[in-house]
Every structure is written in structure tokens, then in C-alpha cells.
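Asks: Sharing a structure, written as C-alpha cells. Questions coming.
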Amino acid sequence: MRVGLLTGGGDVPGLNAAIRAVVKRGEGEHGHSIVGFRNGWRGVVDGDVLPLTRQHIRNVLPVGGTLLGTARYHPRAEDGGIDAVLATLEQERIEALICIGGDGTLHAASVVAEAGVRIVAIPKTIDNDVFGTDQSIGFDTAVWIATEAIDRLHTTAESHNRVMVVEVMGHHAGWIAVTAGIAGGAEVVLTPEEPFDIEKIVKYLKHRHRSHASFSIVVVAEGAVPAEGSDMPYLPPVGKFGEIVAGAIGERVKMEIEQRTGFDARLTVLGHVQRGGTPTPVDRILGSRFGVAAIDAITRGESNVMTALRGEDIKLVPLPEIAGKIKHVPADLLEVARALA
Ligand code: F6P
């Protein structure tokens, strides 16, 4: 069988492990030909193919990013985009397609599957907000990087008696902020799940600095917003693709803390550093498990499903059930972050 493969949306560490697993298992066990598309859905629309062999996947496990390239491009948003996808698949004689992506890529995958293409999807995003799976490829590495950054900021915060504000990614959900905040021992964690009251934070920091500490770490998810009616009017600035402008909320929180407490404060925006570099073993293993599960599912004739981690197991969940939904941080995890602040 000729099986297409693409990676779409923001890159994450661990994508190459998934690509490698699809190629190794697909060629070796099942005798398929794996045809990569460069730069996500853009490559499918343009017919930009890279036939994948064992040579392409040699030594890729520790390498971040994606050997196929990626792009933020949604065929369903373009005029004739879906038709162009179908035309390329026919021209390349692709019988099934594996799509590795976050919510945007998966949404497009579900539309293409409904047009009759056999599709199995694999979830990836450092934000960990893909619905239906306990974890997505890339999240573990991002949490590791953010935790290490918080650890490092602790020593400089303490030396200078400062409030260090760290902005991490997390557009719709605060998974990185909460988990790295817990792991790094942050004093305050702000997430999209719980709009915040700046006055409460300021009161807490003043109390902490008066009573027993001279420094604090405040972790802010990029999608965090002040509560309605709170004493901090704020409209999140967004970019061309509806993405959050990096550093905007972090800068505002830092400024408000500085002005309202008189403490010295600094901002660190981790940004794309969280998406770069070597994947952790957890992401390599998850990518490998998802890759094998996806090509096995394709071979069995499954379609319009996504591989998902559920507890210890890899399951398949129907794409239409998860497309367009966000997996938020649950209340008990938010409570742990709050309880340990
Ligand atoms: O992949 C999701 C994400 O990491 C978001 O948290 C962030 O808003 C966005 O990517 C940034 O994407 P870009 O690479 O397009 O700047």
C-alpha cells in the first residue's frame, strides 16, 4: 500500500521518533511504501513529496523538529484547498494518510477523512491540549525545559531579591505552566483555565516577602487572562494567525507587580526554546508507540481515528469526537499548584 505521511502545525521534539516508527514498521512489517509530504498540508496541496526510506530515518531519534518540515496551513481555510488535497492524493496513488498534528491539523484531517480518504491521526503539541489523549508528543520535553528554566531562575531571583516572571507557551490551556510550576516550585501559576485577580497576587507576594522570603517565581501561561471586572483591564494582542503575541501577558504581569509592590521584577519569555532540541525519552517512546499504532491501524483498514494514550494503553479514538475540542487542565491539578504555592 502507498501510505502518505505529514507533520503539520508547530514542530515539537519527538516527531522524528513517530516518523521513524511509521517508516520502519510500515516498510518492514507490512511492506508498504511510505510517501512523506513536506511542510504539512501545504505539501499535500502543492504535491511536494519525499518518498521515505530507511536512510531518511537513520539516527533521527535524538533530533528535534521534523525531518518532513511543517507549516501552519489549513487546506479547509483556503479556496479549493480540500479539492487540491484530494487531487494530489489521487495523482500520487496514496491509499491512506497518517497526519501528525495538533488541533488545527487534526481538524483538517477529519474534514479530509469525511471526503473519503482513509486517515489515521497522531496527536502532537507541547501545549498538551489535544482532546481525547492523556498526552501528546512534545509535551514532556517542553515541561522538562520549562522546569529547568525555573530552577535556574530561582538562584538569580534569590541572589537579587527579585520577582521573576516566566512566560511559557499554552495558548488555550495551561498544562506547561501548571506542571512546570509544580515541578519547579513556583510561587504563583497563572493559566487560561483560571482568570486571575492581580490584586490577590500582589497581596500574596507582599505577604510572602514581608514574612519569610525575598524572592518569588511567577509562571504565566501565554493564554492567561485577568478575571472580568478585576482591577487590570487587558485585551490579549493576537497575531496574523490568531496566535498569542509572545511576551504580552508576561510583560503586563511583570509591570503590574513592579508598580503595585515596588519589588524589583524581571520577565523571561521562554518562547520557542520550549519546542526545540532533543526530545526526552518519554517523547521518543510516545512518538514510537503512536507511530506503530497508526501504521498498524491503517493496515487493518481503520479510518477517521486518532491514536491516544489512555492510562498505560494506546487506543484509537474517533477523530470527529475530538476535532475542535480543547483538553483543559483538570481542577485537581490546578489545586495542587495552588496548594503548593
Ligand atoms: O504549538 C502550539 C504553540 O506552541 C502555542 O503555544 C503557541 O502560541 C504557538 O505554538 C506559537 O506558534 P508559532 O510557531 O506559529 O509562533
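Using UniProt numbering, the first residue of the sequence shown is number 1, and each one after it goes up by one. For glycine and all other residues, C-beta sits at the position ideal for the given N, C-alpha and C. Note that the structure is predicted; figures quoted are calculated from it, not measured.
Considering only their Cβ atoms, is the gap separating A18 from I137 smaller than 8 Å?
Replies: Contact: yes.
Asks: How would you write the range of the beta strand (DSSP E) that P195 sits in, first residue to last?
Replies: Element bounds for P195: n/a, residue is neither H nor E.
Asks: With 16 as the cutoff for other CB atoms within 10 Å, does P233 come out buried or exposed?
Replies: The residue in question, P233, is exposed, as its Cβ has fewer than 16 Cβ neighbours within 10 Å.
Asks: For the putative contact between L52 and V23, defined by C-beta atoms under 8 Å, what is the C-beta separation to the nearest angstrom?
Replies: Indeed they touch by this definition, with Cβ atoms about 5 Å apart.
Asks: Could you tell me the boundaries of the beta strand (DSSP E) in which V238 lies?
Replies: Here V238 belongs to no beta strand (DSSP E), and DSSP marks it neither H nor E.
Asks: Can the beta-carbon of N304 be found less than 8 Å from the beta-carbon of I145?
Replies: No, Cβ-Cβ distance for N304 and I145 is not below 8 Å.
Asks: Do M169 and E251 come within 8 Å of each other at the CB atom, strictly closer than that value?
Replies: Result no, Cβ atoms of E251 and M169 do not sit closer than 8 Å.
Asks: Report the CB separation of K327 from V130 in whole angstroms; it is logged as a contact under 8 Å.
Replies: That belief holds up - the Cβ atoms of K327 and V130 are roughly 6 Å apart, short of 8 Å.
Asks: How many whole angstroms separate the CB atoms of L89 and L68, which I take to be in contact at a CB cut-off of 8 Å?
Replies: 16 Å between Cβ atoms; not a contact.
Asks: Once the 5 residues before and after E194 are set aside, which same chain residues still bring their CB inside 7 Å of it?
Replies: Excluding residues within five positions, the ones whose Cβ falls inside 7 Å are L334.
Asks: Run through DSSP, which three-state label would K327 get?
Replies: Three-state result, K327: coil.
Asks: Within 10 Å of its beta-carbon, does V112 have 16 or more other beta-carbons around it, so buried, or fewer, so exposed?
Replies: V112 is buried by the Cβ-count criterion.
Asks: Please give the ranges of any beta strand (DSSP E) in the region 47 to 131, keeping only runs that are unbroken, at least 3 residues long and fully inside the region.
Replies: Complete beta strand (DSSP E) runs here, min 3: 49 to 52, 96 to 101 and 118 to 123.
Asks: Just to confirm my understanding: we take P236, look at its own chain, exclude 5 residues before and 5 after, and list those with CB closer than 7 Å. What are they?
Replies: The answer, listed in chain order, is V225, I244, A248 and I249.
Asks: Look up G4 in the DSSP assignment and give the residues it is bridged to.
Replies: In the DSSP output, where bridge partners are listed per residue, G4 has V35 and L97.
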